[in-house]
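Below is one structure, written out as structure tokens; comments come after it.
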Amino acid sequence: MRSLSCRLSLVVPLLLVTWESPSLQASAPEVRGTWLTTTNEDHIRTGANTAAVMRDLRNIGLNAVYVETWKNGYTNFPSSVLKSTIGTTDRNPTIGTSRDLVQETLIQAHRNGMSYYGWFEYGAMTEYVGAGGNPSNPLSTYMKNRGWLLQNQAGQYADATNGGFAFMNVAVPEVRQFVIDMTLEAVNRYDFDGIQFDDHMAWPVNFGFDATTIGLYTSQTGNAAPTSPTNTQFSAWRQQQVTAFAAQLYTAVKAARPELKVSISPSITSFSTAQYNANWPLWESQNLFDEFAIQMYRDNISSFNSIVNAQVNPFRPDDLDKLIMGLRINPAASATPYADLQQMIERARTEGAAGHNLWYSAGVRDLYGSQLTAFYDVAGQGQAQNPMFPADWRTAPLVGAQSLVAPEQWTVDVPAAGRYRIVARLGSATNSPWTEIAAVELVAGSRTFAVPGARQVELLVDRRTPTSFLGDFNGDLAVDGADFILWQQAFAAPLGGSAVGDANRDGRVDALDLLAWRFNQGGVWPPLASATATTPEPSGIFLAVFAGGLLAMRRRRLALGP
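Just so you know, the sequence shown maps onto residues -28 to -1, 1 to 534 in mature numbering (1 follows the signal peptide of the UniProt record, and there is no 0).
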């Protein structure tokens, strides 16, 4: 592995971040999470409040966030899979067609020490259309033209029983592969701690009377076409299709990122099985998911207590560490009273669940922020460790010090060898956004980087297992000249997010990917203990010119929120 040889003696003193030592924590480990959505309150929708919201959630006492990643037929990240499928923009115009909301929120969550789950909320759904509505967004149109959207007996794509949403047919192999490929694109690109699918990994009970479904059902089972949505054999077949899809997705994600937590947030049983053909107790018994955040949404403690046993029983006696109780706060107009909410949290603890997730961030921060702050008592008891991950999984950011004589140079003291993400605030505006510059393998010691145009530079620990994003394009666990040749051959070719040479997986091979190679050139995995100073650092002049060009490219290509 190379060592950075450019050392500057005159630098701004290193900034310090106060971070609590796990040894001082008195709070018992438990998941304390919430979901963040672009709907309603602007917690992440424009990006203007993202940093403040993440900081506030951490200060209240949370340790996990589940952030909207896939919604209404669009991704909140650059997706060559979606774009190549529908032939138009991959991101929702209402939040910005060039924004990477996932990167924005991921950096802020990790800067605040919280675990981050990419929340693929829409699962198998393409669009909200309302009862009797006509699906019309680009993805819905693509699926509808191929007969891959579910219909009820009246020929409708949505009704009151499925919430007014259009669902893709997960019995169709191409549909499954589309969702899996889109998911893997994000999994391979971002330093997620986990991903989560919602209660929309499902097949609503009234649906499946379209020609595609009837053809598949009759040919696979030999049965006659059903005449009732509650036909026992038809329900069993649809449940099998959903379970097969769940298994295929889980297997694919774990193959790509074995350390990643794969979570599901279904409705309560038996409603989930009867109304959505999503038999999650079966999934639990088959070890298909690492975490189950059951939506136990009730607005009073009496109603909540009446459903607890049925949700807990599938996890007894040995799998309670997979169970997270999803608790309802919002909507604000009919919010769960705080006293009832606190009793629900206490019941989750009594049952031995791994923790609780609160629906949703507006209730946590804006409605019950002061009450939850007092209840969690971070000031007196410390932050609770997330039991889904080892202690210190997301450590404090390492804050860079800027050189007084060469402002593009930033020095960071690295306490332990490992993989880190270089993140920076680029631009002169006081509210300029953070962005990921590169991922690097470093040995311990003082390290200096050239990041022209940065207002702040930090290192965040990187937990990803693949190495292609480090510049190891040929997968031989070394970053060397062979990888540069591969990058050069693929340069400027828009070949998709999995293209050789596409280190940042943005669907193109360009100078941004070469930066990953330059930072890590000479690296070997696993890092060698004696690798210090084995490869010279590229000259400061080269990095300044090169990174300056990259900054200009980023400004042209990205419209990032704060």
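Glycine residues also receive a C-beta, built at the ideal position from the N, C-alpha and C atoms.
As the structure is a prediction and not an experimental result, all values here were calculated from the model.
- Message: Looking only at its chain, what residues have a beta carbon closer than 7 Å to the beta carbon of G417, apart from the 5 residues adjacent to it on each side?
- Response: Within the same chain, V386 come within 7 Å of G417 by CB-CB distance, once the 5 residues on both sides are set aside.
- Query: Rounded to whole angstroms, how far is the Cβ of F181 from the Cβ of I236, which I believe are closer than 8 Å?
  - Reply: Their Cβ separation, rounded to whole angstroms, is 27 Å, which puts F181 and I236 out of contact at 8 Å.
- Does DSSP classify W489 as helix, strand or coil? W489: helix per DSSP, three-state reduction.
- Following the continuous alpha helix (DSSP H) through G127, name the residue where it begins and the one where it ends. Element bounds for G127: n/a, residue is neither H nor E.
- Using the DSSP secondary-structure output, state which residues sit across from I296 in a beta bridge. I296 pairs with A265, G327.
- Query: How about V384 and L442: do their beta carbons lie closer than 7 Å?
  - Reply: Not a contact, by the Cβ cut-off of 7 Å.
- Item | Alpha-carbon to alpha-carbon, L339 and P201 | When rounded, the separation of the alpha-carbon atoms in P201 and L339 is 41 Å.
- Message: Output needed for K226: all residues of its chain with C-beta closer than 8 Å, excluding positions within five of it in sequence on either side, in chain order.
- Response: Within the same chain, L232, V234 come within 8 Å of K226 by CB-CB distance, once the 5 residues on both sides are set aside.
- Query: What number of angstroms, rounded off, separates the C-alpha of W489 from the C-alpha of D452?
  - Reply: Straight-line Cα distance between these residues: approximately 8 Å.
- Query: Taking C-beta to C-beta, are R83 and P369 nearer than 7 Å?
  - Reply: Yes.
- So, do the stretch 335 to 350 and the stretch 406 to 414 have three or more beta carbon pairs nearer to each other than 8 Å? Judged by Cβ distances under 8 Å, the stretch 335 to 350 makes no contact with the stretch 406 to 414, as fewer than three pairs qualify.
- Going by Cα to Cα distance, which pick from Y162, I240, A246, D271 is closest to A228? Of the listed residues, the one whose Cα sits closest to A228 is Y162.
- What's the gap between the Cα of A505 and the Cα of L484? Since pLDDT at A505 reaches only 32, below the 50 mark, its modelled position is unreliable, and the value read off the structure follows with that caveat. About 24 Å.
- Where does V377 land, buried or exposed, given buried means 16+ other C-beta within 10 angstroms? That one is exposed.
- Task: Check whether the stretch 52 to 64 touches the stretch 187 to 205, taking contact to mean three or more Cβ pairs, one atom from each stretch, closer than 8 Å.
- Result: Counting Cβ pairs under 8 Å, fewer than three are found: no touch.
- Query: Taking the DSSP output, what are the residues bridged to L432?
  - Reply: As DSSP reads the structure, L432 sits in a beta bridge with R393.
- Below 8 Å on the Cβ atoms is my guess for W91 versus W331; work out the distance and round it to an integer in Å. About 12 Å separates the two Cβ atoms, so there is no contact after all.
- Nearest-angstrom Cβ-Cβ length linking G33 and A356, presumed shorter than 8 Å: Beta-carbon to beta-carbon, G33 and A356 are separated by about 7 Å, close enough to satisfy the 8 Å threshold.
- Query: G417 bridges to which residues according to DSSP?
  - Reply: In the DSSP secondary-structure assignment, G417 is bridged to V386.
- To which residues of the same chain is P110 closer than 6 Å at the C-beta, ignoring the five residues directly before and after it? Correct list, in chain order: I58, T60.
- So Q168 is in the beta strand (DSSP E); what residue range does that whole segment cover? Per DSSP, the unbroken beta strand (DSSP E) holding Q168 starts and ends at 166 to 169.
- Query: Roughly how many angstroms lie between the CA atoms of F456 and V144, to the nearest whole one?
  - Reply: Answer to the nearest angstrom: the Cα atoms are 40 Å apart.
- Message: So, does the stretch 11 to 20 touch the stretch 358 to 366, judging by three or more C-beta pairs under 8 Å?
- Response: Touching, no, given that fewer than three Cβ pairs across the two stretches are closer than 8 Å.
- Query: Can you round the beta-carbon distance between A462 and V433 to whole angstroms, since I take them to be within the 8 Å contact cut?
  - Reply: The C-beta distance from A462 to V433 rounds to 29 Å, too long to meet the 8 Å contact threshold.
- Would you list the residues sitting across from I236 in a DSSP beta bridge? Looking at the DSSP output, I236 shares a beta bridge with F169, F264.
- Quick one: using the 10 Å Cβ neighbour count with 16 as the cut-off for buried, is S(-20) buried or exposed? Residue placement at S(-20) cannot be trusted, given a pLDDT of 31 that sits under 50; what the coordinates show is reported in the next sentence. By the 16-neighbour rule on beta-carbons within 10 angstroms, S(-20) is exposed.
- Task: Classify M154 as helix, strand or coil using the three-state DSSP reduction.
- Result: Helix at M154.
- Does DSSP put Y94 in a helix, in a strand, or in coil? DSSP, reduced to helix, strand and coil, places Y94 outside both helices and strands of the structure shown, so it counts as coil.
- How many angstroms separate the CA atom of G19 from the CA atom of F217? Here the C-alpha atom of G19 lies approximately 34 Å from the C-alpha atom of F217.
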